[in-house]
Amino acid sequence: MANFEICFSKEGDIKYISHLDVMRMFRRAFKRAGLDLVYSNGFNPHPKLSIAAPLPLGFTSTDEWMDVETKEDFRADKLKQALQQEMPVGITILEVRAKELQPNKANPMLAARVTAAKYMIAADLPEQTLAKIQQDTAEQFLAQEHIFVEKRQKKKKTMQKVDIRSKIRSLLLHRVDDKLFLSTLLSTGSASNLNPSLLLHAFLAWLDPGTEPLDVEIMRRKLYFDA
Amino acid sequence: MEQTTLRRKLSPLLKKVNKPGRYIGGEYNQIIKNDDLTDVRFAFAFPDLYEIGMSYVGMQILYNLLNHTEGVACERVFAPAGDMEAAMRKEGIPLFSLETCRDVRDFSILGFTLQYEMSYTNILNMLDLAGIPLLAEERTEDDPLVVGGGPCAYNPEPLAAFFDLFLIGDGESLLPAICRLRRETNSREEFLRAACRLDGVYVPSFYRVRYHEDGRIAGFEKLYDEAPDRVLRAFVQDLDKAPYPEKPLVPLIEVAQDRAVVETFRGCTRGCRFCQAGMIYRPVREREPETVQHLAAAQLANTGQEELSLLSLSTSDYSRFQSMTTSLIDMCSREDVSLSLPSLRLDSFNVEVLHRIQQYKKSGLTFAPEAGTQRMRDVINKNITEEDIFGAVRQAIRLGWKKIKLYFMMGLPGETLDDLAGIAEIAQKIMEISREENGPGKGRFTLNISVSNFVPKPFTPFQWVGQDEDFYEKHDFLREKLKIKGVQFNYHDSPVSTLEAVFARGDRRTADLLLAAYEAGCRFDSWSEDFRWDKWQEAMARSGIDPAFYATRQRDPSEILPWDLIDCGVSKAYLLREYEKSQQGATTRDCRSGCTGCGINRHVVCPLDGTMLQMQKEKENSHGEL
């Protein structure tokens, strides 16, 4: 058995398939490539393939990570090449790292170690909203003690007010023509997590209440892990 | 619309609609042909959502076949969901193909697969979204040829006004021939005139229908002399050599049925009298076990699918079923693939096989006794007995199945309340068996009784029968009778069954009803959440089409039927003989044990022994006559 960490990108129209779709796509890709994955024991065995941080549907990413466990050992570069051949348009295998140790409590999988993610948000905004952007707008926004947003509770399907201030680690603004670019570092992972579209929502509600972006593109640029 | 413009306009919409993955294509094994080497573009249209269409094996077969035909490019088109349709109309985006995001109007042929009557309004909607005139007679040389095929094409008449031609029968040899003709001809008229000489091609505009004053058909009149009097369906004689996909498309999003599928044989010998598929796919033609094995292995290797399924009308009727399944089970366990065997019959059923392939992961088990009493099962020629049912169920319960589903029909010809009560008695008895086998208190066994409303279909012995009028009362009756602990009862919506009956056996005039329903906003009528009976009723009033004339009226065998223009290969005399036998409650044997004279061997070699003998006899007779 052998363990690998795999980095890939998700770009173009394939951003419209979900996290679960990506998982299924990889399972099949491994099978086609003849790279047998280890299956979990138990009543409902499933292949050992775990993605560090689910990417919301519609986002692109240049830095997705996953853990896999294969039945046989392969050279990392061989695995990368074999897997790349099985990828649909839009998914590129960027890196494959062989892991010395099998994941365990002392040496957890990526999903347990992810802490933050950097995003680039490109929002097409009306001129009147863009006109409100000043040199220190991001600073002022972050200077707030609390930043409340309405968040839909998955299970109860009710709206709940949550304070996201502590989850925003940094924010930079940059305007090009009628687009506003927000580069931001947000808490990510099971301990604390923020979806960048919520940040955008909160920011626009604060900047110019009632404004609506005409179009939004969100790209995950980098994932950060605990050592 | 230009591809680049279309792409640019489409992009912002995809962020706003549900399940945008439906509209992006890009699946593994997708085929995009080189523009410079393509002179016939074929848009394969499935008139329902992506998730449904991508589960349809026929599309995979024809997609593979056409894209391996020189000069032909086949691309897929599905019906956009309501939210996407609204967005497309608002932005002026026409219906487009998934492969190259091409305007459907830029294709040479637009081919719809006709699987189900309740998708007809979607066809009209898709034509409209494509900017193609709904009526064939209003189309110009700039429009694609609109073609229909599949089981519903056997009675194409309700759709006759909207289609340029229909392809009846097996598509494997016919579709490439149609594409060649399209290339070789210079106008629609020239194409249609040449095409109608091919077996399986029906050009509705070459015929006119005359009616009696009471509404029945008086006769057909040919408007083009060279058109055939009757259109004989197309046959693939050697299925084993017919092309079958080794690299099927692998959907990126979740679809209804997502697995590797190998068609083991086409046709059925059982002769159930309600079943259209059992008649129109005759004769039985099998793929060799080696071919099945090869295709299964190739599909699994080329898709990475985790499930393999076999396709046919009755899986266990495959002549070498046991040896084939044994080797498939071996292959699947080696490859970590699960095997599923659908459409197993009770009487030839090997519960042990299912037990072996499902092991601890026992999904529900499904049987189709179809009717509640032996009398009724004899009427419909479903040759299974109560001993078959209870024996199989007892064995299944012993082997650990906790969930069993039984399919029945109601409203069958000559049905009485006793026959319906028989359904409840079977349910009662099965619950008793489960108590006997599991012991008291070890419950958790559920029995699902699913009852559909019988819809008489063309080219079956019941094609003359009036549909039952008492579905509501019978549902109430059954609901009361089936109030048994552990039994769930499901039944079908009656209005839908009425409409199915209207369009299954409708004539050309029912097009007015379809058009009125479409104009009233009916779409996705097979989805209960979208089905609007009020709008259909409004459409009936507006079009003046009386559903009773088509659905519940008993037809005399001498009446000219709308589909008499089509020859499905099985003779009308055989169908009538079977209908008469049904009225006497007499059964007909499975024709593997001796020919029952359906007449298919007048057109094609029936590979069954019984039929071979019959053919020889017939030859001798005809020698005498000559």
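In the order they appear, the protein sequences are chains A and B.
Going by this note's numbering, 148 is the number at position 147 of the first sequence; the sequence numbering is gapless.
Going by this note's numbering, 570 is the number at position 457 of the second sequence; the sequence numbering is gapless.
Here a beta-carbon is modelled for each residue, glycine too, at the ideal position from N, C-alpha and C.
| Check | Outcome |
| --- | --- |
| Specify, as a first and last residue, the run of the beta strand (DSSP E) that Leu-95 of chain A falls within. | 92–100 |
| Val-683 of chain B and Ile-658 of chain B: beta carbons closer than 7 Å? | no |
| Tell me which same chain residues have a C-beta within less than 7 Å of the C-beta of Val-492 of chain B, skipping the five on either side of it? | Leu-525, Pro-526, Gly-527, Ser-695 and Gly-698 |
| Anything in the stretch 145–174 of chain A with a Cβ closer than 9 Å to a Cβ of chain B? List those residues in chain order, please. | none |
| Would you check if the stretch 671–688 of chain B and the stretch 704–711 of chain B touch, i.e. whether three or more CB-CB distances between them fall below 8 Å? | yes |
| Where does the unbroken beta strand (DSSP E) through Met-24 of chain A begin, and where does it stop? | Not the beta strand (DSSP E): Met-24 of chain A falls in the alpha helix (DSSP H), residues 20–33. |
| Counting only beta-carbon separations shorter than 7 Å, does Ile-366 of chain B have a partner in chain A? | yes |
| Which residue or residues does DSSP assign as beta-bridge partners of Leu-36 of chain A? | DSSP lists no partner for Leu-36 of chain A. |
| Does chain A have any CB closer than 7 Å to the CB of Gly-134 of chain B? | yes |
| Do the stretch 217–229 of chain B and the stretch 248–263 of chain B touch if we need at least three Cβ pairs shorter than 8 Å? | yes |
| Under 8 Å Cβ to Cβ from Ile-134 of chain A, same chain only, skipping five residues before and after it: list those, please. | Leu-174, Arg-176, Leu-181 and Leu-208 |
| How would you list, in chain order, the residues of chain B whose beta-carbon sits under 9 Å from the beta-carbon of Asp-14 of chain A? | Ser-124, Leu-127, Pro-133, Gly-134, Tyr-136, Ile-137, Gly-138 and Gly-139 |
| Can you pull the chain A residues whose beta carbon is under 9 Å from the beta carbon of Leu-416 of chain B, in chain order? | In the sequence under discussion, the amino acid at residue 416 of chain B is Thr, which differs from the Leu named in the question. Ordered by position in chain A, the residues that pass the 9 Å Cβ test against Thr-416 of chain B are Arg-29, Lys-32 and Arg-33. |
| Within this structure, are the beta carbons of Cys-681 of chain B and Tyr-229 of chain B separated by less than 7 Å? | no |
| Would you verify that the beta carbon of Asp-209 of chain A is, or is not, closer than 7 Å to some beta carbon of chain B? | no |
| Identify whether Thr-226 of chain B lies in helix, strand or coil by the three-state DSSP scheme. | strand |
| Excluding the 5 residues preceding and the 5 following Arg-295 of chain B in the sequence, name in chain order all residues of the same chain whose CB lies nearer than 8 Å to its CB. | Val-153, Ser-221, Ile-222, Leu-258 and Phe-304 |
| Step through the CB atoms of chain B and report whether any lies within less than 7 Å of the CB of Asp-179 of chain A. | no |
| Assuming Ala-273 of chain B and Arg-621 of chain B are in contact, meaning their beta carbons sit under 8 Å apart, how far apart are those beta carbons, in whole angstroms? | 5 Å |
| Between which residues of its own chain and Glu-419 of chain B is the CB-CB distance below 8 Å, once the five residues before and five after are set aside? | Arg-372, Asp-449, Val-450 and Ser-451 |
| With a threshold of 7 Å between beta carbons, is Ser-461 of chain B in contact with chain A? | In this predicted model, Ser-461 of chain B has a pLDDT of only 44, less than 50, meaning its place in the structure is not dependable enough to derive any value. |
| Is there at least one Cβ from chain B nearer than 7 Å to Val-90 of chain A's Cβ? | yes |
| Listed from N- to C-terminal order along the chain, which residues in the stretch 182–193 of chain A have their beta-carbon within a distance smaller than 9 Å of any beta-carbon of chain D? | Protein chains A and B are contained in the structure displayed, whereas chain D is not. |
| Reducing DSSP to helix, strand and coil, say where Thr-479 of chain B ends up. | strand |
| Helix, strand or coil: how does DSSP classify Gln-471 of chain B here? | helix |
| Taking one C-beta from the stretch 189–202 of chain A and one from the stretch 113–126 of chain A each time, how about it: are there three or more such pairs within less than 8 Å? | yes |
| Rounded C-beta distance between Phe-9 of chain A and Thr-93 of chain A? I'm assuming under 8 Å. | 6 Å |
| So Gly-59 of chain A contacts chain B; which residues on that side make the cut at Cβ distance below 9 Å? | Leu-127, Lys-128 and Pro-133 |
| Out of curiosity, what's the CA-to-CA distance linking Gly-417 of chain B and Ala-53 of chain A? | 23 Å |
| At a cut-off of 6 Å, would you count Thr-479 of chain B as near the ligand MG, judging by its Cβ distance to the nearest heavy atom? | The model depicted lacks the ligand MG and carries no ligand whatsoever. |
| Helix, strand or coil for Arg-343 of chain B per DSSP? | coil |
| By how many angstroms is the C-alpha of Ile-137 of chain B removed from the C-alpha of Leu-211 of chain B? | 6 Å |
| For a contact defined as C-beta to C-beta under 7 Å, what are the partners of Met-67 of chain A on chain B? | Ordered by position in chain B, no residue passes the 7 Å Cβ test against Met-67 of chain A, which lies about 16 Å from the chain. |
| Taking C-alpha atoms, which residue in B:Phe-387, B:Thr-529 and B:Gly-552 lies nearest to Val-568 of chain B? | B:Phe-387 |
| Measuring CA to CA, which of B:Arg-379, B:Val-190 and B:Ser-440 is closest to Gln-406 of chain B? | B:Ser-440 |
| For Tyr-17 of chain A, would you say it is in contact with chain B, using Cβ-to-Cβ distances shorter than 7 Å as the test? | yes |
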